[in-house]
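Numbered by the numbering used here, the letters in the sequence shown go through residues 8 to 160 in order. We treat Cβ as the ideally placed atom computed from N, Cα and C, and that holds for glycine. What follows is a single structure, written as structure tokens, with notes after it.
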Amino acid sequence: MIGDALGSVGAVLAGLFMYQFGWYIADPILSILMSVFILKGAWSVIRQSVHILMKGTPPQADVGAINAALKEIDGVVNVHDIHVWTVASSYEVFSCHVLVRQGIRSSQILSQAIPMLEKRFGIRHATIQVVEEDVDMSAWSCQGGTCIFSVMR
């Protein structure tokens, strides 16, 4: 709205300069200035949109702190293959693999991890793959608590 208002003011000013002083160059000069102003304002929106479309990690997401918080849950041995991205403005999505001690049920981990992620980090949607230590992971890309393609940023 401010850009539209300034565009109208610029058009009026250009008209006054042309009428009053015969400065016909005022119209293209003010048009260029208004275009630069509008492009400057649009640049941040474009940059943020591209970051979201490319599934970039949100600037406020602290992957290290999230990793450390998940490791604090009793029974968690390793957290890896962490991905945090934005689907829409202020809607962060999270996924990871969690390696747990033998005998720990995934529901025990998830019932602590998911509310903690939302409360502490604002992550409203989390997908967590929980795997027990003793599972044969020889056919997986994740072996020994790490993945071949680990953290995506």
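For the options Glu-99, Met-8, Ser-56, the alpha carbon positioned closest to that of Ala-133 is the one of Glu-99. Close CB contacts of Glu-140 within its chain, under the 8 angstroms cut and outside five residues either way in sequence, are with Val-84, Leu-106, Val-107, Arg-108, Gln-109 (chain order).
In the DSSP annotation of this structure, the continuous segment of the beta strand (DSSP E) that includes Ala-133 starts and ends at 130-139.
In the three-state reduction of the DSSP assignment, Glu-79 falls in the coil class.
Trp-30 carries a coil assignment under DSSP once its states are collapsed to helix, strand and coil. Across the structure, Phe-128 and Ser-97 are spaced so that their CA atoms are roughly 12 angstroms apart. Residue Val-137 holds the alpha-carbon nearest to the alpha-carbon of Val-86 among Lys-126, Leu-46, Val-137.
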